[in-house]
Amino acid sequence: MKIKYELLKKEQNSKGRYGILKTNHGNFETPMFMPVGTLANVKTLTPEEIKDMKCGIILSNTYHLWLRPGEDVVSHAGGLHKFMNYDGPILTDSGGFQVFSLAKKKDIVEEGVKFKSHIDGKSLFLTPELSIQIQNKLDSDIAMSFDECIPYPADYEYAKKSTERTIRWAKRGLDVHKNENQSLFGIVQGGEYEDLRKLSAEETVKLGFDGYSIGGTSVGEDKKTMYSMIDYAVKYLPEDKPRYLMGVGEPIDIIEGVIRGIDMFDCVLPTRIARHGNAFTRNGKINIKNLKYKEDFTSIEDDCDCYTCKNYTKSYIRHLIVSNEMLGGRLLSIHNIRFLVRLTEELREAIKNDNLLEYKENFIKNYKK
RNA sequence: GCGAAAUUGGUGAAGUGGUUAACACGGCGGAUUGUGGUUCCGUUAUGCAAGAGUUCGAUCCUCUUAUUUCGCC
3 MKIKYELLKK EQNSKGRYGI LKTNHGNFET PMFMPVGTLA NVKTLTPEEI
53 KDMKCGIILS NTYHLWLRPG EDVVSHAGGL HKFMNYDGPI LTDSGGFQVF
103 SLAKKKDIVE EGVKFKSHID GKSLFLTPEL SIQIQNKLDS DIAMSFDECI
153 PYPADYEYAK KSTERTIRWA KRGLDVHKNE NQSLFGIVQG GEYEDLRKLS
203 AEETVKLGFD GYSIGGTSVG EDKKTMYSMI DYAVKYLPED KPRYLMGVGE
253 PIDIIEGVIR GIDMFDCVLP TRIARHGNAF TRNGKINIKN LKYKEDFTSI
303 EDDCDCYTCK NYTKSYIRHL IVSNEMLGGR LLSIHNIRFL VRLTEELREA
353 IKNDNLLEYK ENFIKNYKK
């Protein structure tokens, strides 16, 4: 069975929307933040801990699992859910972004992308068809089309050529997609150009996907540009399908995305900054390594309901991070993911109450920097 | 008691008679957006044991003192 999206409420003063997404592995409300579990695990966390955060769905990655342990291993294990002992919804990224972010030397041709493995330098060739076939075997609930993430800035001619190619790649992926229990999302590219975003959105929607995502953001552009990239694309997306903004996880960006009609977000930020000693709070991001927390025996946030805040002090977590103890990164990851999921919970409430813009103003007022 | 060697920041240490005393670790601060678990970037000795001398100029050469280490009575 494919996923089913139900739009339950539209916010009066913005494009914000509240909905529910039903999958074979459970349902979740949107807007939702999805933690990233690249290598079939959200770094440092167990499936039980992930569920406690009420995040609804997690990500995993085609490129990384293709290289290690190989999609056949996952398939023989009974699919990704069984392999990693997680029975909630899972979305797999296609590998398009990894080609952009990891490969040093890459050669993008019509057929696909030639590049070198980041593990051993072996020559690889990833195509739209292969990406989909791998994802079919991984058996995630939602697969992503294989796309090219256009760098920023990109000149118009390059962006146009790339965007048109990504549309052709989307068609090719759709044609080989076989897994009836797996949904497939198309990806809107187009760089920073309004007409290319329009072209990409319209053509991708014509192909008919189970959901649509906006890619090519948070690649170095300023926030104003990023928000306009969203605006350019969203207006051409159908209301009855979920919309996913890829790779965005700054609290303020999630709020701006929701206001613009986005339903799903994923980002490595909460877990990565956690491992480096940072925590999200209502007053902004804090660096737990700072001297002022050495003897701060309060929790990160008084009113946070996460396991970390209910049980540990800043002083102790600081000690763990400074001592390079893994538990420090674990505890901060738990808090940071829960922070973003709670943010989406509050955004859902704000949509229901039609006070999303007011919520944003209040949030910004407290959130330093 | 005699002789020898040594003394550079929080630590381990490089170095030179001539503007800002290398590097590493540690400390402090910052970054991080479809992962970097061990990452990246800043910053951190107005001073080379103390005092005196030689010199245009000394952390570097000379002397005295202090401390440390190693030999010998």
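Note that my numbering gives residue 174 to position 172 of the first sequence, counting from 1, and the numbers run on in steps of one. Yeah, the Cβ is synthetic: ideal placement off N, Cα and C, and Gly gets one too. The structure presented is a predicted model; accordingly, all values stated were derived computationally and were not measured.
Exposure label - residue i; buried when at least 16 CB within 10 Å
i	result
His278	exposed
Arg344	buried
Met328	exposed
Arg199	buried
Tyr158	exposed
Thr300	exposed
Gly286	exposed
Tyr234	buried
Met3	exposed
Gln137	buried
Phe379	The structure shown does not extend to residue 379, since the chain spans only 3 to 371, so no value can be given for it.
Ser325	exposed
Ser220	buried
Val111	exposed
Asn364	exposed
Arg320	buried
Asn181	buried
Val75	exposed
Glu241	exposed
Rounded separation between residue i and residue j - CA only
i	j	result
Pro272	Gly251	8 Å
Asn368	Lys208	42 Å
Phe30	Ile339	16 Å
Ile152	Ile189	12 Å
Gln191	Lys294	44 Å
Lys118	Lys106	7 Å
Glu205	Asp177	15 Å
Lys45	Ile264	26 Å
Ala79	Thr64	16 Å
Gly175	Phe148	7 Å
Asn43	Gly98	20 Å
Ser317	Ile290	8 Å
Tyr214	Glu348	24 Å
Tyr160	Glu113	17 Å
Thr315	Glu303	10 Å
Ser77	Lys163	35 Å
Tyr229	Asp255	8 Å
Lys312	Asp54	13 Å
Asp305	Ile5	34 Å
Leu69	Ile52	25 Å
Ser96	Cys308	31 Å
Met266	Ile257	11 Å
Trp1	Phe211	Lying outside 3 to 371, the shown extent of the chain, residue 1 is not represented and no answer is given.
Gly218	Glu196	13 Å
Start-to-end residues for the alpha helix (DSSP H) that takes in residue i
i	result
Leu133	Reading off the sequence, residue 133 comes out as Ser, not Leu. Segment 130–140, the alpha helix (DSSP H) holding Ser133.
Leu9	First-last for Leu9: 6–12, but that is the beta strand (DSSP E), not the alpha helix (DSSP H).
Gly331	328–354
Tyr158	158–178
Asp255	253–261
Thr227	225–236
Lys200	196–209
Lys84	82–86
Gly90	Per DSSP, Gly90 belongs to no alpha helix (DSSP H) and is neither H nor E.
Tyr318	316–324
Close beta carbons around residue i, own chain, < 6 Å, minus the five adjacent residues each side
i	result
Phe341	Phe282
Leu322	Leu329, Gly330
Ile2	Outside the displayed span of the chain (3 to 371) sits residue 2, for which this structure offers no information.
Val260	Gly18, Pro33, Leu349
Leu334	Ala276, Ala281
Leu128	Gly97, Gly114, Val115
Cβ-Cβ distance between residue i and residue j below 7 Å
i	j	result
Lys225	Lys11	no
Tyr88	Pro244	no
Asp268	Leu82	no
Asp143	His27	yes
Gln184	Ala145	yes
Pro130	Thr25	no
Glu73	Leu140	yes
Arg262	Ile232	yes
Tyr246	Ala203	no
Ile59	Met36	yes
Val115	Lys124	no
Bounding residues of the beta strand (DSSP E) (the contiguous stretch that carries residue i)
i	result
Glu31	28–32
Asn63	60–63
Asn368	Segment 358–368 is the alpha helix (DSSP H) holding Asn368; no beta strand (DSSP E) there.
Met266	266–269
Gly188	185–190
Phe117	115–118
Close beta carbons around residue i, own chain, < 7 Å, minus the five adjacent residues each side
i	result
Glu223	Tyr154, Glu194
Ala352	Leu358, Tyr361
Ile169	Ser202, Glu205, Thr206
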